[in-house]
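Let me begin by presenting the structure, written as structure tokens, before commenting on it.
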Amino acid sequence: TTIKYTAYYGKMSSQATQVAIREGLTIAKNNSRTAAEHKVTSLEGLVKFKFGLESPTYQEFYPQGLTEYQNCSDAALEIKLDRIVGAAGTHLTADFPDEVTAIADLRTAFKTAHLAQNNAFSNIDNVITGKHVDRKALTVQLTKNFLLVAADNIDNTDKYDDFFNPQLLPIRTGIGSQPAGTALLEGNVPSPGFINIDISDIAGTPLSTIVILVTLSGLRFYSSATADGVPTPTTLFVDLEPGQSLNKKIDEFVAQLGLGGSTPYLMVQNIGMVLGHYKITFDKLEEE
Numbered sequence: 076t077t078i079k080y081t082a083y084y085g086k087m088s089s090q091a092t093q094v095a096i097r098e099g100l101t102i103a104k105n106n107s108r109t110a111a112e113h114k115v116t117s118l119e120g121l122v123k124f125k126f127g128l129e130s131p132t133y134q135e136f137y138p139q140g141l142t143e144y145q146n147c148s149d150a151a152l153e154i155k156l157d158r159i160v161g162a163a164g165t166h167l168t169a170d171f172p173d174e175v176t177a178i179a180d181l182r183t184a185f186k187t188a189h190l191a192q193n194n195a196f197s198n199i200d201n202v203i204t205g206k207h208v209d210r211k212a213l214t215v216q217l218t219k220n221f222l223l224v225a226a227d228n229i230d231n232t233d234k235y236d237d238f239f240n241p242q243l244l245p246i247r248t249g250i251g252s253q254p255a256g257t258a259l260l261e262g263n264v265p266s267p268g269f270i271n272i273d274i275s276d277i278a279g280t281p282l283s284t285i286v287i288l289v290t291l292s293g294l295r296f297y298s299s300a301t302a303d304g305v306p307t308p309t310t311l312f313v314d315l316e317p318g319q320s321l322n323k324k325i326d327e328f329v330a331q332l333g334l335g336g337s338t339p340y341l342m343v344q345n346i347g348m349v350l351g352h353y354k355i356t357f358d359k360l361e362e363e
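All you need for my numbering is the position in the sequence shown, starting with 1, plus 75.
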């Protein structure tokens with residue numbers, strides 16, 4: 076059990092480390108992209124002054140206008156920066172060699188930062204794959220442990236409590252026919268993106284406990300008045316990192332986010348850089 080647990084926990088720690096590295100590299104990439112875009116913008120004025128807005132030379136630099144550099148993906152920007160560096164080398168080297176060097180250096184810096192960020196994503200994917208394997212091995216080991224404890228203590232059921240949380244026992248009594256651990260919702264949240272979930276059916280059940288498990292990417296939970304609402308910085312929210320879960324009474328969760336009556340939707344926003352996954356369950360049990 077110790078070996079299986081250590082392997083799984085090690086992968087969790089590695090994933091957390093790689094996520095932190097990725098976030099730092101993402102910031103570096105974003106800063107590098109901003110610097111390159113600023114130079115592209117300043118260079119546009121020089122090209123326009125020297126060659127004219129309607130000239131074929133201007134089209135070599137900005138065939139679709141200045142905004143194409145600002146609205147494209149990172150991968151597309153690499154190609155566009157190669158194009159503008161080539162045009163600068165052809166048309167500006169004689170009169171403005173420093174400008175040619177500057178845009179070329181910023182292109183190289185952005186490509187380097189973008190590659191480092193992509194490598195970080197690959198490292199996280201590798202760790203997640205290994206973590207899933209280790210978690211399965213740990214689950215099987217814990218199941219074996221459960222059976223061993225049960226078999227050795229048939230006449231001493233209280234011994235179970237020394238090894239496991241009694242609340243994890245599958246034999247539980249709920250209110251009426253409500254099963255314990257009923258899965259309410261499960262799905263993916265794209266990156267970047269958000270979804271809205273109508274939770275009005277569970278918002279009024281104060282004796283229930285809501286459990287939210289997040290995997291793959293960090294997610295942020297808001298309240299929303301409409302199904303197509305959008306997140307705002309002033310809205311109350313709860314953040315959950317990959318592998319982290321939330322477990323609390325529904326009425327407390329509803330109060331924390333201001334959910335209910337006028338805001339019946341639970342908004343889930345992906346705040347990471349990869350696909351996010353959530354699973355929401357609840358127990359509706361009698362109070363002891």
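Glycine included, every Cβ here is placed at the ideal spot set by N, Cα and C.
Note that the structure is a prediction, hence the values are computed from the model and not measured.
Per-residue burial, residue i [other beta carbons within 10 Å of its own, 16 or more giving buried]
| i | result |
| --- | --- |
| alanine 150 | exposed |
| tyrosine 353 | buried |
| serine 252 | At serine 252 the pLDDT is 37, less than 50, meaning the model places this residue with poor confidence; the figure from the coordinates comes in the next sentence. Exposed is the call here. |
| serine 337 | exposed |
| histidine 113 | exposed |
| leucine 156 | buried |
| glycine 256 | Only weak support is given to the placement of glycine 256: the predicted model assigns it a pLDDT of 47, under 50, and the question is left unresolved by the model. |
| phenylalanine 357 | buried |
| glycine 262 | exposed |
| alanine 188 | buried |
| leucine 311 | exposed |
| threonine 81 | exposed |
| alanine 111 | buried |
| serine 148 | exposed |
| threonine 248 | Model confidence at threonine 248 stands at a pLDDT of 36, short of 50, so the residue's coordinates are unreliable; what they give is reported in the following sentence. Exposed: under 16 other Cβ atoms inside 10 Å. |
| phenylalanine 238 | exposed |
| threonine 284 | buried |
| threonine 77 | exposed |
| alanine 226 | exposed |
| alanine 162 | buried |
| threonine 290 | buried |
Proximity to residue i [Cα-Cα], best of the options
| i | options | result |
| --- | --- | --- |
| aspartate 314 | Leu350, Val343, Pro339 | Val343 |
| leucine 118 | Thr76, Ser148, Gly99, Leu181 | Leu181 |
| methionine 87 | Arg210, Leu141, Tyr133, Thr284 | Arg210 |
| arginine 295 | Thr284, Gln319, Ile274 | Gln319 |
| tyrosine 133 | Ile159, Asp237, Lys186 | Ile159 |
| serine 107 | Gly140, Phe185, Gly99, Ser266 | Phe185 |
| proline 339 | Thr183, Asn271, Phe171 | Asn271 |
| valine 286 | Ile78, Ala162, Lys324, Ala177 | Lys324 |
| valine 264 | Gly351, Tyr297, Gln93 | Gly351 |
| glutamine 192 | Leu291, Ala95, Glu327 | Ala95 |
| glutamate 316 | Cys147, Gln90, Pro131 | Gln90 |
| tyrosine 83 | Gly293, Gly205, Pro131, Asn146 | Gly205 |
| valine 349 | Lys79, Thr77, Asp170, Thr101 | Thr101 |
| glutamate 153 | Leu334, Ser292, Ser130, Ala179 | Ala179 |
| aspartate 273 | Tyr144, Ile355, Pro131 | Ile355 |
| isoleucine 203 | Ala302, Ser292, Ala177 | Ser292 |
| asparagine 224 | Val215, Val115, Asp236, Pro267 | The amino acid occupying residue 224 in the given sequence is valine; asparagine does not appear at that position. Of the candidates Val215, Val115, Asp236, Pro267, the one whose C-alpha sits nearest the C-alpha of valine 224 is Asp236. |
| asparagine 105 | Gln145, Thr76, Gly120, Ser130 | Gln145 |
| leucine 121 | Leu334, Leu332, Asp170, Thr301 | Asp170 |
| valine 175 | Val115, Val215, Lys79 | Val115 |
| aspartate 303 | Leu341, Glu327, Pro131 | Leu341 |
| leucine 288 | Asp230, Thr142, Asn322 | Asn322 |
| leucine 213 | Gly347, Asn345, Gly85, Phe269 | Gly85 |
| histidine 207 | Ser298, Ile346, Lys79 | Lys79 |
| glycine 268 | Ile346, Gly335, Leu141 | Ile346 |
| aspartate 200 | Leu332, Thr92, Ala330 | Thr92 |
Extent of the continuous beta strand (DSSP E) run through residue i
| i | result |
| --- | --- |
| lysine 234 | Run containing lysine 234: none; DSSP gives neither H nor E here. |
| glycine 336 | Note, glycine 336: premise wrong, no beta strand (DSSP E); not H, not E. |
| valine 305 | Where valine 305 is concerned, there is no enclosing beta strand (DSSP E), given that its DSSP letter is neither H nor E. |
| leucine 321 | 320-324 |
| leucine 315 | 312-315 |
| glycine 268 | 268-273 |
Range covered by the alpha helix (DSSP H) that runs through residue i
| i | result |
| --- | --- |
| leucine 291 | It is not in any alpha helix (DSSP H) - leucine 291 carries neither H nor E in the DSSP assignment. |
| aspartate 209 | 172-227 |
| leucine 128 | Element bounds for leucine 128: n/a, residue is neither H nor E. |
| isoleucine 159 | 149-166 |
| glutamine 145 | 142-145 |
Contact with chain D by residue i, beta-carbon distance below 9 Å
| i | result |
| --- | --- |
| leucine 291 | The structure shown contains no chain D, having only a single protein chain. |
Query - the region 157-176 contacting the region 125-142, beta-carbon criterion three pairs below 8 Å - result: In the pairwise beta carbon analysis, the region 157-176 is classified as touching the region 125-142: at least three pairs are separated by under 8 Å.
Query raised in the report: Does the region 209-223 come close enough to the region 185-198 to have 3 or more Cβ pairs within less than 8 Å?
Result: Touching, no.
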